[in-house]
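Visitor: Please find one structure pasted underneath; my questions will follow.
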Amino acid sequence: MSVDATTVRRIAHLARIAVSEDEVAPLQGELNAILAFVEQLGAVDVTGVEPMTSVTPMAMKKRADAVTDGAKADAIVANAPETEDHYFLVPKVVE
Amino acid sequence: MTAAVNPKKLIKGGLHDWEVVIGMEIHAQVTSRSKLFSGASTEFGGEPNDHVSLVDAAMPGMLPVINEACVAQAVRTGLGLKAQINHRSVFDRKNYFYPDLPQGYQISQFKDPIVGEGEVLVDLPDGESITVGIERLHLEQDAGKSLHDQNPTQSFVDLNRSGVALMEIVSRPDLRSSEEARAYVTKLRTILRYLGTCDGDMEKGSLRADVNVSVRRVGDPLGTRCEIKNVNSIRFIGQAIETEARRQIAIIEDGGTISQETRLFDPGKGETRSMRSKEEAHDYRYFPDPDLLPLEFDQAYVDALAAGLPELPDAKKARFIASYGLSPYDAGVLIAERASADYFEAVAKGRDGKAAANWVINELFGRLNKEGHSIETSPVSADQLGAIVDLIGEGVISGKIAKDLFEIVWSEGGDPRQIVDARGLKQVTDTGAIEAAVDEIIARNPEKVAQAREKPTLLGWFVGQTMKATGGKANPAAVNALLKAKLGIE
Numbered sequence: 000m001s002v003d004a005t006t007v008r009r010i011a012h013l014a015r016i017a018v019s020e021d022e023v024a025p026l027q028g029e030l031n032a033i034l035a036f037v038e039q040l041g042a043v044d045v046t047g048v049e050p051m052t053s054v055t056p057m058a059m060k061k062r063a064d065a066v067t068d069g070a071k072a073d074a075i076v077a078n079a080p081e082t083e084d085h086y087f088l089v090p091k092v093v094e
Numbered sequence: 000m001t002a003a004v005n006p007k008k009l010i011k012g013g014l015h016d017w018e019v020v021i022g023m024e025i026h027a028q029v030t031s032r033s034k035l036f037s038g039a040s041t042e043f044g045g046e047p048n049d050h051v052s053l054v055d056a057a058m059p060g061m062l063p064v065i066n067e068a069c070v071a072q073a074v075r076t077g078l079g080l081k082a083q084i085n086h087r088s089v090f091d092r093k094n095y096f097y098p099d100l101p102q103g104y105q106i107s108q109f110k111d112p113i114v115g116e117g118e119v120l121v122d123l124p125d126g127e128s129i130t131v132g133i134e135r136l137h138l139e140q141d142a143g144k145s146l147h148d149q150n151p152t153q154s155f156v157d158l159n160r161s162g163v164a165l166m167e168i169v170s171r172p173d174l175r176s177s178e179e180a181r182a183y184v185t186k187l188r189t190i191l192r193y194l195g196t197c198d199g200d201m202e203k204g205s206l207r208a209d210v211n212v213s214v215r216r217v218g219d220p221l222g223t224r225c226e227i228k229n230v231n232s233i234r235f236i237g238q239a240i241e242t243e244a245r246r247q248i249a250i251i252e253d254g255g256t257i258s259q260e261t262r263l264f265d266p267g268k269g270e271t272r273s274m275r276s277k278e279e280a281h282d283y284r285y286f287p288d289p290d291l292l293p294l295e296f297d298q299a300y301v302d303a304l305a306a307g308l309p310e311l312p313d314a315k316k317a318r319f320i321a322s323y324g325l326s327p328y329d330a331g332v333l334i335a336e337r338a339s340a341d342y343f344e345a346v347a348k349g350r351d352g353k354a355a356a357n358w359v360i361n362e363l364f365g366r367l368n369k370e371g372h373s374i375e376t377s378p379v380s381a382d383q384l385g386a387i388v389d390l391i392g393e394g395v396i397s398g399k400i401a402k403d404l405f406e407i408v409w410s411e412g413g414d415p416r417q418i419v420d421a422r423g424l425k426q427v428t429d430t431g432a433i434e435a436a437v438d439e440i441i442a443r444n445p446e447k448v449a450q451a452r453e454k455p456t457l458l459g460w461f462v463g464q465t466m467k468a469t470g471g472k473a474n475p476a477a478v479n480a481l482l483k484a485k486l487g488i489e
């Protein structure tokens, strides 16, 4: 598997990372090198092996349905560049 | 659905008849106190960002921990949809950028949902019923809310909804008209409300629909579909489908083709329009969420939840028809809301089921609708209405007086039996008293008496006069019999 220049531009856009035209070719090379490296894993035969989700057998941890958090709007917006009445303010986004 | 094409459901274009094909994704907010992966409150409203934990705001290092009640609600819903329950399901990240999605991804279930295939039986107004296939149900997080009208250059973001548990219920493309689509959502909402897994409050956004619409000539393969996002009322769902189907038909009949896209329904303008910005966002790059282990449970867990399910709408309807002798239509009206069904059963207990149904549906529901009351806030209790039904059954009051009595109980309250005694509303069955009234009317109207012998339908006029003379309290059967005898009408 390898990526072309168009794919590099598209995934950069999807990840909202600004990539200049000069950077596309080097990035394409780097990404393809990584993909080639990962592709070596394809050499291992994993037929019939369940994907491992945890090193030790564990059940998913669950919470009881109780309100134990919240009521900290000051802390929630503390790092926001701009706020008003505890709302986050962002550049206008309209459909 | 395998039913043959119903010509009545086709839409007439300029050139051909078209079949509309509809599938729906319903987003139903899970009824729970706290969010899917955090301990913040799910309560509607609240001050901006007040029902938000650091998990919901996606602060670095925060980890999601699942709310076990939301899992149980999803399983219960799956059981209510007669669906396959998957003992192992997986949470995935659905990646996209939007200001009200602080994580940059929504935790959802993609490949392995908690609930698989099921079905919903949908009754249509004409008495026909259809079975709509359910493809899957999965658990996911809701996003926050953006307000765009507070400021000319900025949007305001409130994360109170962020992380609230949703069930996305995906139907198969089994619906063939806007009417079927509306009936499907109505039925699904009823099931969810019976189960108590979603309150179904569309005004508060607890139930939203994404509607997939395509059109085709009868017998053709499926056409290209468009997805209408976030329709938030059952009426708008119907309007959006009609509008979108006609838009597509016009394009195809003009020689054009439909491009698959996401559209928005504008009820004010009565049109759907393209949401271009959503198009590229469809590349969601799903992958399993490394913060969450697979969700696993055994059959005993499912069985325990199944044992705790309430009687569901279909079963209740069948029982109402079988035990109370109701028509399928009346039974359908009564079971639409659990509270209405409970009220009816309280009235019908130990009484004639049909009479109870008539009073609940025709008098009570009619009056509640007119005054904007719900069954829960009905001024007439089930006991009071039951007493009125008893009084009619015992022949103490006539049907007409019963309506007056209902009005008195509605506006003044009180025990119907005492009201009947205190205000002298008892039906006059004493033939002597009725006969006196009848004789007087006959004596005063000799010309009508003569006419009535020629034209027996005039009997109705005499009945009316007699009822008037007796203040509506005369037993109508006795009045009829007496008049017939005295006027010589068969």
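So the sequence lines, in the order shown, correspond to chains A and B.
For the first sequence, numbering that gives the first Met the number 0 begins at 0 and goes up steadily by one.
For the second sequence, numbering that gives the first Met the number 0 begins at 0 and goes up steadily by one.
All residues carry an ideal CB built from backbone N, CA and C; glycine is no exception.
Note that the structure is a prediction, hence the values are computed from the model and not measured.
1. Between the segment 75-89 of chain A and chain B, which residues of the former have CB atoms less than 8 Å from a CB of the latter, in chain order?
2. I'd like to know whether the C-beta of Ala-11 (chain A) is nearer than 8 Å to at least one C-beta of chain B.
3. Could you tell me the alpha carbon to alpha carbon distance between Glu-167 (chain B) and Ile-106 (chain B), rounded to whole angstroms?
4. At the 8 Å Cβ level, is Pro-172 (chain B) part of the contact set with chain A, yes or no?
5. Mind the definition here: the segment 392-401 of chain B touches the segment 416-436 of chain B only if three or more C-beta pairs lie below 8 Å; say whether that holds.
6. Between His-50 (chain B) and chain A, is any beta-carbon pair separated by less than 8 Å?
7. Starting from Asn-94 (chain B), trace the alpha helix (DSSP H) both ways and give me its first and last residue.
8. Are there 16 or more other CB atoms within 10 angstroms of the CB of Ile-334 (chain B), so buried, or fewer, so exposed?
9. Applying a beta-carbon distance threshold of less than 8 Å, which residues of chain B neighbour Gly-41 (chain A)?
10. Decide if Asp-122 (chain B) is buried, meaning its Cβ has at least 16 other Cβ atoms within 10 Å, or exposed.
11. May I ask you to report which of helix, strand or coil DSSP gives Gly-392 (chain B)?
12. Using DSSP with H/G/I as helix, E/B as strand and the rest coil, what is Gly-117 (chain B)?
13. In the structure shown, what three-state DSSP assignment does Ser-273 (chain B) receive?
14. Where do the ends of the alpha helix (DSSP H) carrying Arg-416 (chain B) lie?
15. Pull up the distance between the alpha-carbon of Lys-353 (chain B) and that of Phe-319 (chain B), whole angstroms please.
16. Please classify Thr-1 (chain B) as buried or exposed, where buried requires at least 16 other C-beta atoms within 10 Å of its C-beta.
17. Please classify Cys-69 (chain B): does DSSP put it in a helix, a strand, or coil?
18. With DSSP as the reference, identify every bridge partner of Trp-17 (chain B), one or two as the case may be.
19. Could you give the uninterrupted runs of the alpha helix (DSSP H) lying entirely in the segment 299-334 of chain B, keeping only those of 4 residues or more?
20. If you draw a straight line from the C-alpha of Ala-435 (chain B) to the C-alpha of Glu-178 (chain B), how long is it?
21. Enumerated in chain order, which unbroken segments of the beta strand (DSSP E) with a length of 3 residues or greater are wholly contained in the segment 100-180 of chain B?
22. Do we get a CB-CB distance below 8 Å when we pair Val-64 (chain B) with the residues of chain A?
23. Output the boundary residues of the beta strand (DSSP E) element that contains Asp-265 (chain B).
24. Give me the DSSP bridge partner(s) of Ile-227 (chain B).
25. Please compile the residues from chain C whose C-beta is within a distance smaller than 8 Å of the C-beta of Val-66 (chain A).
26. List the residues of chain B whose Cβ lies closer than 8 Å to the Cβ of Met-59 (chain A), in chain order.
27. Given a cut-off of 8 Å, decide if Ser-145 (chain B) and Pro-98 (chain B) are closer than it, judged by their beta-carbon atoms.
28. In chain A, what lies closer than 7 Å to Val-156 (chain B) by C-beta?
29. Output the boundary residues of the beta strand (DSSP E) element that contains Leu-88 (chain A).
30. Within a Cβ cutoff of 8 Å, which residues of the same chain sit near Gln-247 (chain B), ignoring the five residues on either side of it in sequence?
31. Is Phe-96 (chain B) close to chain A? Criterion is C-beta to C-beta, closer than 8 Å.
32. Taking C-alpha atoms, which residue in B:Ile-360, B:Asp-429, B:Gln-153, B:Tyr-323 lies nearest to Ala-347 (chain B)?
33. Answer with buried or exposed for Ser-88 (chain B), where buried requires no fewer than 16 other C-beta atoms within 10 angstroms of its C-beta.
34. Could you have a look at Ala-77 (chain A) and say whether DSSP puts it in helix, strand or coil?
35. Tell me whether Phe-90 (chain B) is buried or exposed, calling it buried when 16 or more other Cβ atoms sit within 10 Å of its Cβ.
Guide: Answer, in terms of the structure:
1. Ile-75, Val-76, Glu-81, Glu-83, Asp-84, His-85, Tyr-86, Phe-87, Leu-88, Val-89
2. no
3. 12 Å
4. no
5. At 8 Å Cβ cutoff, the stretches touch.
6. yes
7. First-last for Asn-94 (chain B): 91-94, but that is the beta strand (DSSP E), not the alpha helix (DSSP H).
8. By the 10 Å Cβ count, Ile-334 (chain B) comes out buried.
9. Within chain B, no residue comes near Gly-41 (chain A); the closest Cβ sits about 18 Å away, beyond 8 Å.
10. buried
11. helix
12. strand
13. strand
14. 415-421
15. 10 Å
16. Reliability of the predicted coordinates at Thr-1 (chain B) is poor, the pLDDT of 45 falling under 50, and the value obtained from them is presented with this limitation in mind. The residue is exposed, with fewer than 16 neighbouring Cβ atoms inside 10 Å.
17. helix
18. B:Ile-10, B:Arg-216
19. 312-323, 327-334
20. 57 Å
21. 104-107, 117-122, 128-140, 144-146, 153-157, 164-170
22. yes
23. 261-265
24. In DSSP, Ile-227 (chain B) forms a bridge with B:Val-210, B:Arg-262.
25. No chain C appears in the structure shown, which is made up of the protein chains A and B.
26. Ile-65, Leu-291, Leu-292, Pro-293, Leu-294, Glu-295
27. Going by C-beta atoms, Pro-98 (chain B) is nearer than 8 Å to Ser-145 (chain B).
28. Tyr-86, Phe-87, Val-89
29. 86-90
30. Val-212, Ser-213, Val-214, Gly-222, Cys-225, Ile-257
31. yes
32. B:Tyr-323
33. buried
34. coil
35. Residue burial annotation: Phe-90 (chain B) is buried, with at least 16 other C-beta atoms found within 10 angstroms of its C-beta.
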